[in-house]
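J.:
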Amino acid sequence: MRWALAALALLSACDKLRAIPGVQPRPGTSAPAPPAVAMGPWILDPQPTAATVCWVTDEPSLGRVWYGQALTDRLAREEGAKVIEHRVLLHGLTPGTQYRYSIEGGAAGRFTSAPEPGARGPIEVLVYGDNRTNSGDHALVVRAAAAEPVQLALHTGDMVVNAREEQLWRDWFREEADLLTRMPLIATIGNHEMTDDGVAYSKYFQRRDRPAYWSADYGPVHLIVMDSFERSAGASPHSGAVSDAQRAWIEEDLRAVPPDRHVWVLVHQGPYAHPAHPRPGHGGSEAVRTALLSARRAHPIEAVFAGHEHYYERGEIDGLKYFVLGGGGAPLDDPDPKARGVEAAAKALSYAVVEVCGCHARGSVKDIAGKVIDSFRLAGCAAACGAPLASAHKQDGGT
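First residue of the sequence shown? That's 393 in our numbering, and the numbers climb one at a time after it.
(1) Are the Cβ atoms of V448 and H478 separated by less than 8 Å?
(2) Are there 16 or more other CB atoms within 10 angstroms of the CB of L712, so buried, or fewer, so exposed?
(3) In or out: L571 buried (at least 16 other Cβ within 10 Å) or exposed?
(4) F503 and Y491: beta carbons closer than 8 Å?
(5) Between the segment 725-735 and the segment 753-765, do three or more beta carbon pairs fall short of 8 Å?
(6) Identify, in the order they occur along the chain, each residue of the same chain with its Cβ nearer than 8 Å to the Cβ of M575, setting aside the five sequence neighbours on each side.
(7) Quick check on the DSSP output: the beta strand (DSSP E) that includes L717 runs from which residue to which?
(8) Under three-state DSSP, which class holds I642?
(9) Taking Cβ positions, are L482 and V445 nearer each other than 8 Å?
(10) Look at the alpha carbon of I476 and the alpha carbon of Y493, and state the distance between them as a whole number of angstroms.
(11) With C-beta atoms as the reference, is V649 less than 8 Å away from V680?
(12) If distances are taken between C-alpha atoms only, which option among G721, G675 and M431 comes closest to A569?
(13) Decide yes or no for the touch test of the segment 603-619 against the segment 523-537: beta carbon pairs closer than 8 Å, at least 3 of them.
(14) Check for me: the beta strand (DSSP E) holding H654 runs from which residue to which?
(15) Do the segment 748-757 and the segment 766-774 touch if we need at least three Cβ pairs shorter than 8 Å?
(16) Rounding to the nearest angstrom, what Cα-Cα distance links V657 and V696 in this structure?
(17) Just tell me which of D645, S527, E644 and G488 has its CA closest to the CA of Q559.
(18) Just grab the DSSP bridge partners of T444 for me.
(19) Extract the residue ranges of the alpha helix (DSSP H) inside the segment 562-601, only unbroken runs of 4 or more that lie entirely within it.
(20) Below 8 Å on the Cβ atoms is my guess for L740 versus G720; work out the distance and round it to an integer in Å.
(21) Using the DSSP secondary-structure output, state which residues sit across from S677 in a beta bridge.
(22) By alpha-carbon positions, which one of E705, P723, G626 and A468 ends up nearest to F768?
(23) Where does A687 fall in DSSP's three states?
(24) Can you give the Cα-Cα distance for F565 and H547, rounded to whole angstroms?
(25) Find the nearest neighbour of T580 within the set W458, A473, H630 and D619, judged by alpha-carbon distance.
(26) Just checking my contact of A698 with Q638 at CB under 8 Å: how many whole Å lie between their CB atoms?
(27) Going by DSSP, name the residue or residues bridged to K739.
(28) For V746, does the three-state DSSP call read helix, strand or coil?
(29) Secondary structure at H700, three-state DSSP: helix, strand or coil?
(30) What residue range is occupied by the uninterrupted alpha helix (DSSP H) comprising D529?
(31) So the beta strand (DSSP E) D726 belongs to, where does it begin and stop?
(32) In this structure, how does DSSP classify C637 when only helix, strand and coil are distinguished?
(33) Is the beta carbon of P440 less than 8 Å from the beta carbon of P514?
(34) Could you pull the DSSP bridge partners for S620 from this structure?
(35) Check whether the segment 684-691 touches the segment 630-637, taking contact to mean three or more Cβ pairs, one atom from each stretch, closer than 8 Å.
(36) For S624 and M551, I'd like the C-alpha separation in whole angstroms.
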């Protein structure tokens with residue numbers, strides 16, 4: 393009888409161990425501890441029915457992610473050789489639904505799957521950038537932004553000051569944890585990501601079957617991610633460039649966009665910027681400006697979100713609405729609020745939150761204390777929230 397009771401107790405203990413993510417005991421042995429997580433997790437490539445969870449471990453392993461809605465009762469895993477840079481696809485998601493997840497040996501989080509393309513919303517999107525490993529100020533921006541009820545983060549580039557230094561990336565991911573564990577990230581490449589020819593950016597943020605420019609649909613928004621420092625076009629960390637191939641691709645992509653979409657462009661060095669003290673390699677990018685002014689003939693561009701300059705600026709020139717959102721932690725510079733086309737400017741650690749619902753798009757820019765330093769409207773109409781953009785006349789402007 394004692395032997396039988398002991399056996400039952402052992403089986404019960406093993407069953408409990410199996411229920412713990414990352415613990416898979418074998419008969420007669422102790423389960424090995426999973427390798428330590430060095431960076432992450434973060435979420436890439438948000439789609440209505442799928443998302444990719446990424447992280448980096450100190451030792452090679454096969455990554456596993458438990459996920460689900462109320463319970464994390466589904467398992468996705470890597471196959472093949474053990475790696476330290478993990479990307480695990482979560483599939484079978486329901487569009488616009490919140491999911492919980494946990495990675496083996498690391499953090500747990502939650503995120504909302506992408507809405508169907510063309511869905512009316514509402515959605516709320518965070519836009520920020522230019523952290524440059526300035527740890528204290530970067531952490532303050534992240535802390536403030538993490539309190540916002542957003543579903544998607546757009547990063548304008550320049551995460552770290554030197555992309556060759558792995559410790560800077562470890563610091564960056566640690567400080568971003570409150571944001572990146574709970575929403576997908578779409579990031580464009582900055583000139584400081586070019587300090588290692590884009591190798592780290594490719595490892596951490598780029599889908600491996602495409603270049604550093606692409607497009608994505610997220611509910612009512614069609615997003616074009618540009619590469620303003622395209623290496624194949626001759627760019628360097630100090631001089632941007634856009635290839636003919638990228639320009640042609642943007643125009644082709646826009647021709648296929650339905651008329652009811654809000655079209656945004658995410659790019660590091662934008663078409664316009666007005667620093668108070670201009671330096672070589674700063675200000676607006678002529679290559680980006682030329683590409684977008686030509687491409688908008690195929691489909692209207694609602695807004696361009698950029699960084700590169702370390703301040704906030706909003707304006708409209710040649711009918712193109714643009715934002716400079718470079719207040720993510722890098723040492724701040726002075727904007728020129730009196731320059732042509734500038735409608736708002738501030739030297740402040742800051743980020744933007746943009747809400748889209750049907751034909752309406754509006755947003756605000758906040759500092760790290762939560763104070764609204766600017767508000768704006770990108771699109772509006774007489775119809776109620778949820779009506780398609782094509783059904784009513786657009787009314788654009790800032791407030």
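By construction, the Cβ of each residue, glycine as well, lies at the ideal position given by its N, Cα and C atoms.
T.: In short, the structure shows the following:
(1) As a working note, residue 448 is residue 56 in the sequence shown. As a working note, residue 478 is residue 86 in the sequence shown. For V448 and H478, yes; Cβs fall inside 8 Å.
(2) Taking the first residue of the sequence shown as 1, we reach residue 712 at position 320. The Cβ neighbour count for L712, taken over all protein chains shown within 10 Å, is at least 16; the residue is labelled buried.
(3) Within the sequence shown, the letter at position 179 stands for residue 571. Flag for L571 reads buried.
(4) As a first step, residue 503 must be located in the sequence shown, where it is residue number 111. As a first step, residue 491 must be located in the sequence shown, where it is residue number 99. Taking 8 Å as the Cβ cut-off, F503 and Y491 qualify as a contacting pair.
(5) no
(6) Taking the sequence shown and counting its residues from 1, one reaches residue 575 at position 183. So the list reads I435, F503, T504, L518, V542, Q543, L544 and A545, once near-sequence residues are dropped.
(7) Numbered from 1 along the sequence shown, position 325 holds the residue referred to as residue 717. Note, L717: beta strand (DSSP E), L712 to L717.
(8) On the sequence shown, residue 642 is found 250 positions in, with the first residue counted as 1. For I642, the three-state secondary structure derived from DSSP is helix.
(9) In the sequence shown, the residue the question calls residue 482 occupies position 90. In the sequence shown, the residue the question calls residue 445 occupies position 53. Yes; because the gap between Cβ atoms is below 8 Å, this pair is in contact.
(10) Within the sequence shown, residue 476 is the residue found at index 84, counting from 1. Within the sequence shown, residue 493 is the residue found at index 101, counting from 1. Computed Cα separation, rounded: 19 Å.
(11) Taking the first residue of the sequence shown as 1, we reach residue 649 at position 257. Taking the first residue of the sequence shown as 1, we reach residue 680 at position 288. Cβ distance not < 8 Å, so V649 and V680 don't count as in contact.
(12) Numbered from 1 along the sequence shown, position 177 holds the residue referred to as residue 569. Taking A569 as reference, the option from G721, G675 and M431 with the minimal CA-CA separation is M431.
(13) no
(14) Residue numbering aside, residue 654 sits at position 262 when the sequence shown is read from its first letter. Under the DSSP assignment, H654 falls in the beta strand (DSSP E) whose first and last residues are H654 to L658.
(15) yes
(16) For the purposes of this step, residue 657 is identified with residue 265 of the sequence shown, where counting begins at 1. For the purposes of this step, residue 696 is identified with residue 304 of the sequence shown, where counting begins at 1. Distance between the alpha carbons of V657 and V696: 5 Å.
(17) Residue numbering aside, residue 559 sits at position 167 when the sequence shown is read from its first letter. It is S527.
(18) Locating residue 444 in the sequence shown gives position 52, where the first residue counts as 1. According to DSSP, T444 bridges with L436 and L481.
(19) 591-597
(20) Taking the first residue of the sequence shown as position 1, residue 740 is located at position 348. Taking the first residue of the sequence shown as position 1, residue 720 is located at position 328. The sequence shown places Ala at residue 740, rather than the Leu named in the question. Actually they do not touch by this definition, with Cβ atoms about 11 Å apart.
(21) Looking up residue 677 in the sequence shown gives position 285. For S677, which the question treats as bridged, DSSP gives no partner whatsoever.
(22) The residue you call residue 768 lines up with position 376 of the sequence shown. When only C-alpha atoms are compared, the closest one is E705.
(23) Sequence index remark: in the sequence shown, residue 687 carries index 295 (1-based). Here A687 sits in helix by DSSP.
(24) On the sequence shown, residue 565 is found 173 positions in, with the first residue counted as 1. On the sequence shown, residue 547 is found 155 positions in, with the first residue counted as 1. Using only the alpha carbons, I get a separation of about 13 Å.
(25) Translated into positions along the sequence shown, residue 580 becomes position 188. The residue with the shortest Cα to Cα distance from T580 is D619.
(26) Along the sequence shown, one-based indexing puts residue 698 at 306. Along the sequence shown, one-based indexing puts residue 638 at 246. Not really, about 16 Å apart at Cβ, beyond 8 Å.
(27) As a working mapping, residue 739 is identified with position 347 in the sequence shown. Partner(s): none; K739 has no beta bridge.
(28) Residue mapping note: residue 746 aligns to position 354 of the sequence shown, counting from 1. Of the three classes helix, strand and coil, the one that applies to V746 here is strand, per DSSP.
(29) On the sequence shown, residue 700 is found 308 positions in, with the first residue counted as 1. Of the three classes helix, strand and coil, the one that applies to H700 here is coil, per DSSP.
(30) Taking the first residue of the sequence shown as 1, we reach residue 529 at position 137. Start and end: S527 to A537.
(31) In the sequence shown, counting from the first residue as 1, residue 726 sits at position 334. Run containing D726: none; DSSP gives neither H nor E here.
(32) As a working note, residue 637 is residue 245 in the sequence shown. The question names Cys, yet the displayed sequence has Ala at residue 637. Correct three-state label for A637: helix.
(33) Counting from one through the sequence shown, the residue named residue 440 turns up at place 48. Counting from one through the sequence shown, the residue named residue 514 turns up at place 122. Not a contact, by the Cβ cut-off of 8 Å.
(34) Residue numbering aside, residue 620 sits at position 228 when the sequence shown is read from its first letter. According to DSSP, S620 bridges with nothing at all.
(35) Contact fails: fewer than three Cβ-Cβ distances are below 8 Å.
(36) Position 232 of the sequence shown, counted from the start, is the residue given in the question as residue 624. Position 159 of the sequence shown, counted from the start, is the residue given in the question as residue 551. Near 22 Å, if we compare the C-alpha coordinates of M551 and S624.
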